[in-house]
Amino acid sequence: MNLSLEPITLEPPRLVLEKPLLEAHKLNIYYGKLHVVADVSLELYRAEVLGVVGESGSGKSTLLRLLNLQEDVDSGDYHLAIEGYKANNLFALDRFAKREVQTRHIGIVYQSPHLGLRMHASSSGNVAERLIIAGERRYSALREAAKSSLAASEFPLERMDDLPRKLSGGMQQRVQLAKAIALKPELLLLDEPTTGLDVSVQALVLDTLKRLQRELGIAMIIVSHDLGVIRTLADRIMVMRHGQVVELGLADQVLEDPQHPYTQQLVHAKL
Amino acid sequence: MTLLKLENFSKSFYIHHLNRSIPAFDALSVSIEAGSFVLVSGPNGVGKSTLLRCLFRSYKPTSGKAIYDSAYGPIDLANAADIDMVKLRREEIGFVTQFLRARPRVSAVELVAEVLLGSLEYSAAIKKAELALEAFGLKEELWQAYPSTFSGGEQQKVNLARALLAPRRLLLLDEPTASLDKHARGTLVHRLSELKDQGVTMIGVFHHPEDVEELIDSTLLLSPLSQEEERSLAHALG
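These protein sequences, in sequence, are chains U and D.
Take the first sequence: its position 164, counting from 1, is numbered 164 in the numbering used here, and each next residue is one higher.
Each position in the second sequence, counted from 1, maps to that position plus 1000 in the numbering used here.
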């Protein structure tokens, strides 16, 4: 009998030869003495969905803000394989270039529509804003693009000129989603996108996300505390605790055969 | 030609809150020929399904190797990168269970057709999916319905149609015949024999192996660890 067990460590990819879309290496951020994101490294391939789970305060949302270039990092580098920026550490760009990358290549959907939308501008106007920042000025082109983006996120078009505050929670999330995908980004970041929606609306939003991922090949990182949501969407799962990645693996493996004590606790606590 | 070669392939589960390790199977070494149908047998709880899940990497193997001869060359399934496993699952290795994972607002026929969308147009994929559902005897009025409300048997038919439609080089079958009616069981066995004729390698766990008797080329018998083996293994694993 073989008792000298060699523990398994994963090799680098050998079948998939394309470079990852996203490569982040040893990201660190401190809020005072608090190490909010601690040595986090990750890779994401095109059309891949990575789920991020962990308790409140584990650094999930901060990580998303870092990847959206909204916040400065204390150390680490971040690369996206996108035209014009392939060789750059995105954290080292000036703020104009950061804004350009953020607008054209990254979309984000927040849990709270108030963070992602202007409540006093129409829904179509919210979506068109992205296109205006990117340089589109013709009214008809803006209107058409806003319309097709809203349609892609399955928003009822007869309400496209309503103010977001007059819409239901599910519809507000669709406006955020339409805004996020208006410029066909390579990377979509989702921070608890279905939290607070009732289950039937949640199912519709998940279905829309799945379709967008399949049809447009957008890579997604979705943060959620809901393991069911993560299971429905994610190819891989990253588990965070106290700012660190404690486990990273194929979605079914992390949920069915969790290795880390915290992941085991998390999975067993699921209803 | 060997398609899969296991070398000291082992799995145990470490349960942190019990602070102990539960061994499943240990130091399995075997070669599986391309195109063969291998029955995994042994008493309940010996780790038959666990073995299949470790090969698919739903479970993380503890040690050893599983060298699989992929279309791109040999690769060790035990420690292949996750993204390589995603690729293999999409293109070469299928897992067939009796359980369907329904998704909200996706109809039965769409769920089946989905596995073909990479290689076929939408309408052609739907057509093939309908034929598969018909073959398994799922009532036509259910094709457009959402499977989450189906009976166990109906869900299983959808799942089998889906799992056996996409072309695969290796199929892992985890009790696919359990709880099927006679007609559907006949369709399943017929489909498996078609796939075998096409050269697909299959490794399966069957509650009633007599269902697939004429397909079996070899049997991999898993025997329970002796109490002494289990104790020393648990000790070695900490």
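For every residue, glycine included, the Cβ atom is placed at its ideal position computed from N, Cα and C.
Should residue i be labelled buried (16 or more other beta-carbon atoms within 10 Å of its own) or exposed?
i       : result
D:N1079 : buried
D:S1010 : buried
U:D252  : buried
U:V199  : exposed
D:P1061 : buried
D:Q944  : Chain D is shown only over 1001 to 1238; residue 944 of chain D falls outside these bounds and no answer can be derived.
U:T99   : Going by the sequence as given, residue 99 of chain U is Arg instead of Thr. With fewer than 16 Cβ atoms within 10 Å of its Cβ, U:R99 is classed as exposed.
U:R138  : exposed
U:S153  : buried
U:L3    : Low local confidence applies: a pLDDT of 44 at U:L3 is under 50, so the model's placement there is unreliable, and no value is given.
D:R1053 : buried
D:V1030 : exposed
U:Q172  : buried
U:P12   : exposed
U:M1    : Residue placement at U:M1 cannot be trusted, given a pLDDT of 41 that sits under 50; what the coordinates show is reported in the next sentence. Exposed.
D:Q1144 : exposed
U:H48   : Checking the displayed sequence, the identity of residue 48 of chain U turns out to be Glu instead of His. Buried, because 16 or more other Cβ atoms sit within 10 Å of the Cβ of U:E48.
D:G1073 : exposed
U:M119  : exposed
U:A182  : buried
U:R165  : exposed
U:F91   : buried
U:D161  : exposed
D:Q1098 : buried
Taking residue i and residue j to be in contact with their CB atoms under 8 Å, please state how far apart those CB atoms are, rounded to whole angstroms.
i       : j       : result
D:E1007 : D:K1065 : 4 Å
D:V1096 : D:L1173 : 5 Å
U:L131  : U:A145  : 5 Å
U:E215  : U:I82   : That pair is no contact at about 20 Å.
D:L1004 : D:Y1068 : 5 Å
D:S1058 : U:E256  : 5 Å
D:L1165 : D:L1116 : 6 Å
D:D1251 : U:G249  : Any property of residue 1251 of chain D remains undetermined from this structure, which presents chain D solely from 1001 to 1238.
Using a Cβ cut-off of 8 Å (strictly closer), state whether residue i contacts chain C.
i      : result
U:R174 : Of the chains in the structure shown, none is chain C; the protein chains are U and D.
What residue does the alpha helix (DSSP H) around residue i start on, and which one ends it?
i       : result
D:M1085 : 1082–1091
U:M171  : 169–181
U:L216  : 199–216
U:H268  : 261–268
U:Y78   : From DSSP, U:Y78 is part of no alpha helix (DSSP H) but of the beta strand (DSSP E) over 75–80.
D:F1056 : 1048–1056
D:I1110 : The identity of residue 1110 of chain D in the sequence shown is Glu, whereas the question assumes Ile. Taken as a continuous stretch (DSSP letters only), the alpha helix (DSSP H) holding D:E1110 covers 1108–1113.
Which residue marks the beginning of the beta strand (DSSP E) containing residue i, and which one marks its end?
i       : result
D:F1150 : First-last for D:F1150: undefined, no H or E at that position.
U:R241  : 236–241
D:A1066 : 1063–1070
U:G107  : 106–109
D:N1008 : 1002–1015
U:H25   : 22–31
U:V245  : 244–250
D:P1074 : 1073–1076
D:E1210 : No beta strand (DSSP E) contains D:E1210, which DSSP labels as neither H nor E.
U:H35   : 34–44
U:I221  : 219–223
U:D161  : Looking at the DSSP string, U:D161 is not in any beta strand (DSSP E), and its letter there is neither H nor E.
D:A1027 : 1020–1033
With respect to 7 Å, is the separation between the Cβ of residue i and the closest non-hydrogen atom of the ligand NAP below this value?
i      : result
U:L167 : Here there are no bound small molecules, and the ligand NAP is not part of this structure.
Please go through the same chain and pick out, in chain order, the residues whose beta-carbon is closer than 7 Å to the beta-carbon of residue i, but skip the five residues on each side of it.
i       : result
U:D74   : N28, I29, Y30
U:V254  : I237, V239, E247, T263
U:V229  : T194, L206
D:S1232 : none
D:A1125 : A1113, L1116, L1117
If you drop the 5 nearest sequence neighbours on each side, which residues of the same chain put their C-beta closer than 8 Å to that of residue i?
i       : result
D:L1138 : A1108, E1154, K1157, V1158, A1161
D:L1215 : F1037, V1189, L1192, S1193, K1196, M1202
D:D1181 : G1137, G1153
D:E1134 : E1140
D:P1209 : L1039, S1041, I1216
U:L67   : L22, A24, Y78, I106, L187, L189, I221
U:A38   : N28, G59, H242, G243, Q244
Got a sec? Which residues, its chain only, sit under 6 Å from residue i by beta carbon, not counting five neighbours each side?
i       : result
U:H35   : G243
D:M1001 : A1034
D:A1046 : For clarity, residue 1046 of chain D is Val in the given sequence; the question names Ala instead. Correct list, in chain order: L1222, P1224.
U:H260  : V246, E247
U:I133  : T103
D:I1032 : L1003, L1004, V1038
U:G170  : L197, V201
U:V16   : none
Checklist entry - Contact between the segment 65–80 of chain U and the segment 6–25 of chain U: three or more CB pairs below 8 Å? => result yes
Item to check | Segment contact, 8 Å Cβ cut-off, at least three pairs: the segment 218–232 of chain U with the segment 48–63 of chain U | outcome: As far as the Cβ criterion goes, the segment 218–232 of chain U touches the segment 48–63 of chain U, which means the pair count is three or higher.
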